[in-house]
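Chemist:
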Amino acid sequence: MQPKWHAIDMSFADPIYHTNDPIPFTNFNTKGRYKKMSKWEIPAKGGNMEADNGIYYQNMTRKEVSERLEKNDVILIPVGSTENHGASAPFGEDTYLDTRLCEQVAKATGCTVAQPIWYGSHPYHHLGQKGTIIIPEETLADYLVYVFAGFWNAGFRKMIVVNGHGQDYVIPLAIHKFGKKFQVPSIILYTHFWNCAKEQLDTKDRGGPYDTPFVHADEVEQSWSLALFPELCKMAYAEKVEAAPMLPKGHINNSAERGSGPIKWYNALGSCGMECICQPQGVIGDAKLADPEKARKGIEMTLDYLEKLVNDILERYPAGQLPPTELMTQRDPEAVRAVLAGERHIYTLAYD
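The number in the numbering used here is simply the position in the sequence shown, starting from 1, with 871 added.
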């Protein structure tokens, strides 16, 4: 029996993602044997940020949003960065990784995607890197608080922040600042999508597909980029640039957070050299080893998880429903009821 949250208007979706045919899609692999095809589009065939297809909130009309909210009130908020990723990848790599993943999840679930946050926070060792646009962490956190408030007021009270950039120390702060300031029933979840891929970010000796560990604009990240936005990658200019660790191995975790040390990379200062000094090229690792097939399973795992997350939220709390007010806030019940009903806006509770 199909879960009830699938009974929604999917007219905007590519029919390849939806079928009642019980026989899985199949195709021949390179050795002439049959293989099961993923329901996900890998490599992706372009983006949707300017498309009139019901994916992006900013591309929809008030009428379209109102109709969407009656069926699906989950919104994905991609938070990316504009950052030097070397000669073979675009400055918007982190953002495009977010948006291309979110677009496919929206096609599969009927949820909505916000246009991305293009400028992110950066750790100390990113300072001065040519082409990297750095937003102070307090500024980004406060900005996100009001993005959350605006979408809550618009009716999207179940938000999933999808991030692929190294700003994990900022987004949780924004979520809790929103919660403390407004104190309204909400669901706001944050996933760093790399963590969804688990062992599929590992090196071969750890059961993964890669020859080198994940750092930045390297074999791993470039492989994902080739799978999700190949049209923006220029592999003829791919580079290999060495890392510049300042501590022995076994202490600092790498970008994948897959057990290379107990200290998260962003919980350290003095563990590596500044990029503008040590890696002005914008690469840490070997982008020349990138291959979209190496990224396939990891991307599928990530998309499967994000799809499940959206559907699980809607199964527990269908459109228009939220966790119990009396369990989430001690604000005046009438004031909360009024903003939930739309009789008052959220800014009557708090603003600055």
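Even glycine gets a Cβ: it sits at the ideal position worked out from N, Cα and C.
Only counting runs of 3 or more residues, tell me where the beta strand (DSSP E) segments fall wholly within the segment 1010-1054, in order along the chain.
Modeler: DSSP runs (the beta strand (DSSP E)) wholly in the segment 1010-1054: 1029-1034.
Chemist: I need the DSSP call for residue 1105, collapsed to helix, strand or coil.
Modeler: Looking at residue 1105 - three-state DSSP - the assignment turns out to be coil, as it is neither helix nor strand.
Chemist: Using a threshold of 8 Å, state whether the C-beta atoms of residue 965 and residue 1036 are closer than that.
Modeler: Yes, these two residues count as a Cβ contact at 8 Å.
Chemist: What's the C-alpha gap between residue 1182 and residue 986?
Modeler: The straight-line gap from Cα to Cα measures roughly 21 Å.
Chemist: Give the DSSP-derived three-state secondary structure of residue 998 in the structure shown.
Modeler: It is coil, neither helix nor strand.
Chemist: Assuming residue 1160 contacts residue 1062 under a Cβ cut-off of 8 Å, what Cβ separation, rounded to an integer in Å, is found between them?
Modeler: Incorrect: roughly 27 Å between the Cβ atoms, too far for contact.
Chemist: Is DSSP giving residue 1207 helix, strand or coil here?
Modeler: In the structure shown, residue 1207 sits in a helix (DSSP, three-state: H, G or I).
Chemist: Helix or strand or just coil, what does DSSP make of residue 991?
Modeler: In the structure shown, residue 991 sits in a strand (DSSP, three-state: E or B).
Chemist: Within its chain, find whatever has a CB closer than 7 Å to the CB of residue 929; leave out the 5 residues flanking it on each side and keep chain order.
Modeler: The answer, listed in chain order, is 986.
Chemist: How many Å lie between residue 1060 and residue 1118 at the Cα?
Modeler: About 34 Å.
Chemist: Using the rule of at least 16 other Cβ atoms within 10 Å of the residue's Cβ for burial, across every protein chain shown, is residue 948 buried or exposed?
Modeler: Buried.
Chemist: Going along the chain, which residues of its own chain have a beta-carbon closer than 6 Å to the beta-carbon of residue 904, five neighbours each way excluded?
Modeler: No answer about residue 904 holds up, because its pLDDT of 40 lies below 50 and its placement is not dependable.
Chemist: Exposed or buried, residue 994, counting other C-beta atoms within 10 Å across all chains shown (16 or more means buried)?
Modeler: Buried.
Chemist: Curious, which full-length alpha helix (DSSP H) runs of at least 4 residues does the segment 1137-1175 contain?
Modeler: Taking only runs of at least 4 residues, the alpha helix (DSSP H) segments lying wholly in the segment 1137-1175 are 1146-1149.
Chemist: Give every residue of the same chain whose Cβ lies closer than 6 Å to the Cβ of residue 1024, excluding the five residues on either side of it in the sequence, and list them in chain order.
Modeler: These residues qualify, in order along the chain: 1216, 1217.
Chemist: So is residue 1122 buried or exposed if we call it buried at 16+ other beta carbons inside 10 Å?
Modeler: So residue 1122 ends up on the exposed side.
Chemist: Since residue 1152 and residue 957 should fall inside the 8 Å C-beta cutoff, what is the C-beta to C-beta distance between them, to a whole number of angstroms?
Modeler: 6 Å between Cβ atoms; contact.
Chemist: Here's the rule: buried if 16 or more other CB atoms are within 10 angstroms of the residue's CB, otherwise exposed. What is residue 954?
Modeler: So residue 954 ends up on the buried side.
Chemist: Three or more C-beta pairs closer than 8 Å, one from the segment 910-928 and one from the segment 995-1015: is that the case here?
Modeler: Short answer: they don't touch.
Chemist: By the three-class DSSP mapping on this structure, what secondary structure does residue 1196 have?
Modeler: Helix, per DSSP.
Chemist: Mark residue 1148 as exposed unless 16 or more other C-beta atoms lie within 10 angstroms of its C-beta, in which case mark it buried.
Modeler: The residue is exposed, with fewer than 16 neighbouring Cβ atoms inside 10 Å.
Chemist: With DSSP collapsed to three states, give me the class of residue 1218.
Modeler: Helix at residue 1218.
Chemist: Taking DSSP's pairing of strands, which residues face residue 946 in a bridge?
Modeler: Paired residues: 983, 1030.
Chemist: What does the Cβ neighbour count give for residue 1034, buried or exposed, with the cut at 16 atoms within 10 Å?
Modeler: The residue in question, residue 1034, is buried, as its Cβ has 16 or more Cβ neighbours within 10 Å.
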